[in-house]
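Position 412 of the sequence shown, counted from 1, bears residue number 615 in our numbering, the numbering being contiguous throughout. Beta carbons: idealized from backbone N, C-alpha and C, even for Gly.
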Amino acid sequence: MSDVLLEPEDMATVAEALAFIDACEGSASPSVNGSTSGSDSGGSPLPDIQNVTMAIDSHMNTSDSKPQKPKRKRRSKNPAGYSTRLLHRKKAEMQQLREEAVRLETQVEKLKRTQAVGVGALAVHATQLKKKADFKWMELAMIEFQRRQSAEYTNRKLRALLANQMKVDEALRGIVTQNSVLEGMSFLYDKPPTSQDPLAAVDNSSVIMAELEKKVSEMYLSSTMLFDEEAEIPKIRCEMQRRVDQHQGLTVEIVTSAPLSCSMEVASSSLWKELTTIRTYPDKSFRYMQTSTPNVMEKNFDQILRGHGGATPMNGLQYMRKFEETDRVVLARAYRMLLPTDGLQLRANAWTIFSRSKTNPAEASELRSFVELYMEIQPGLSARAEDIAYLRDVAFETWSMKMRGHAQYLQEMLLEAASGAPTGTSQLLLKSVC
């Protein structure tokens with residue numbers, strides 16, 4: 204029977220049988236000892252135990268010989284036996300010992316690697332641990348220490364400079380207090396002279412820019428009445444003429460026009476790029492060029508007008524804005540040139556209008572520009588008539604010729620850009636541009 208392999212269900216049956224045998228042995232002992240009968244047939248329990256064992260063997264043989272369906276395992280109502288509990292406890296202890304052995308072996312490997320790498324690796328490991336730790340107070344302390352050192356160094360330098368300055372002051376005070384040094388220098392105590400030059404006055408460019416901005420808006424509204432609607436393509440021309448206006452007096456007008464072999468958008472973008480590019484001129488320097496919106500540019504510059512009669516310094520301000528429509532683009536510029544003589548100003552209003560070509564609206568456009576120049580005399584001017592005549596004959600005429608050259612330069616530049624030709628004539632005209 205020892206050679207028979209038992210299934211888990213049979214093992215449970217055997218355990219129950221062994222428990223039953225133990226109970227039978229416990230109950231048979233008192234009856235044997237206390238029996239007064241001398242009969243051997245009724246005093247020993249061996250026949251019963253053998254019968255039980257044989258019954259178990261016959262049951263197991265019968266279950267092995269006859270294939271039956273696996274029966275449903277019955278759950279024992281009694282707790283597991285001692286041997287079963289002992290076996291489970293031994294298995295749990297063995298599993299704990301295996302896990303402990305694995306952990307100890309891992310720790311031994313770490314210790315071996317630590318001993319193999321030496322002190323340098325330990326230092327690196329310690330540094331890494333410090334970096335991982337959140338020691339923010341050490342960083343703050345180091346920063347404060349460096350700041351304190353820098354402040355102490357700066358304090359020492361300032362104290363040294365102050366001591367040196369006090370020595371220099373004492374030496375200068377001793378020299379200046381001598382009467383012989385100040386002899387013939389009484390003009391130092393006089394009130395300094397004041398200049399009536401508007402160029403040296405307080406900067407009021409923001410006020411003037413606001414006036415020019417308003418003027419540009421008015422120019423855009425009147426741009427539709429500048430040129431007559433012509434059915435034919437405009438010719439290439441650049442003309443300048445003089446006339447006397449009832450309100451503005453002597454006025455110079457510059458008119459240019461040209462057909463362009465590029466679209467209206469390309470031509471207007473080329474002109475805007477040219478007018479917003481800072482260039483270097485011999486007698487002109489910019490104080491600032493700034494833009495508040497994508498289509499607005501403000502300029503403040505100083506310029507010297509050189510003519511046959513002499514040179515005249517000016518401070519110029521310009522406000523420029525581009526107005527984009529469906530069929531045309533209007534670029535309006537308003538100038539105000541401040542002269543040294545108080546109450547005299549040179550004014551300029553310039554319109555540049557791009558429109559689509561009537562024959563090829565997508566790939567061609569038309570250029571028309573109009574520039575108006577005049578000299579404005581403020582009311583209550585106390586300047587002499589000779590000064591006014593000089594500025595009109597020298598400054599105004601020189602500026603008019605420069606503005607004509609500038610208009611012709613812009614015309615040539617747009618023609619070259621539209622045709623893709625190399626810059627030639629426009630660069631020659633650029634030398635005389637204002």
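Counted as a single uninterrupted DSSP element, the beta strand (DSSP E) harbouring residue 507 occupies residues 499-510.
Residue range 600-622 is occupied by the alpha helix (DSSP H) that includes residue 616, with no beta strand (DSSP E) assigned at that position.
A direct Cα-Cα distance of roughly 49 Å separates residue 480 from residue 352. For residue 469, the enclosing alpha helix (DSSP H) stretches over residues 467-478.
A distance of 8 Å or more separates the beta carbons of residue 555 and residue 576. In the DSSP assignment, residue 527 falls within the unbroken beta strand (DSSP E) covering 513-527. In this structure, the alpha-carbon of residue 622 lies about 15 Å from that of residue 468.
In the three-state reduction of the DSSP assignment, residue 591 falls in the helix class. Between residue 552 and residue 536, the alpha-carbon positions lie close to 6 Å from each other. DSSP places residue 224 within a helical segment (H, G or I) once states are collapsed to three. Taking every protein chain shown into account, the CB of residue 566 has fewer than 16 other CB atoms within 10 angstroms, so this residue is exposed.
The bridge partners DSSP lists for residue 285 come to none. DSSP places residue 429 in no alpha helix (DSSP H); its state is neither H nor E. If you compare the alpha carbons of 603, 439, 309 with that of residue 619, the shortest gap goes to 439. For the pair residue 532 and residue 457, the CB atoms are not nearer than the 8 Å cut-off. Within the same chain, 453, 454 come within 8 Å of residue 447 by CB-CB distance, once the 5 residues on both sides are set aside. Around the beta carbon of residue 285, fewer than 16 other beta carbons sit within 10 angstroms, so the residue counts as exposed. Selection 610, 578, 368 evaluated against residue 546 yields 578 as nearest (Cα-Cα).
The DSSP assignment places 531-541, 547-559, 568-580 as complete runs of the beta strand (DSSP E) inside the segment 526-590, in order along the chain (cut-off: 3 residues). Partner residues in the beta bridge of residue 457, as assigned by DSSP, are 443, 574. Out of 495, 219, 483, 370, the CA that lies nearest to the CA of residue 287 is found in 219.
Counted as a single uninterrupted DSSP element, the beta strand (DSSP E) harbouring residue 487 occupies residues 487-493.
The criterion of a C-beta distance shorter than 8 Å is not satisfied by residue 470 and residue 599. Annotation for residue 417: the continuous alpha helix (DSSP H) segment containing it runs 408-424. Of the other Cβ atoms in all chains shown, 16 or more fall within 10 Å of the Cβ of residue 518; this residue is therefore buried.
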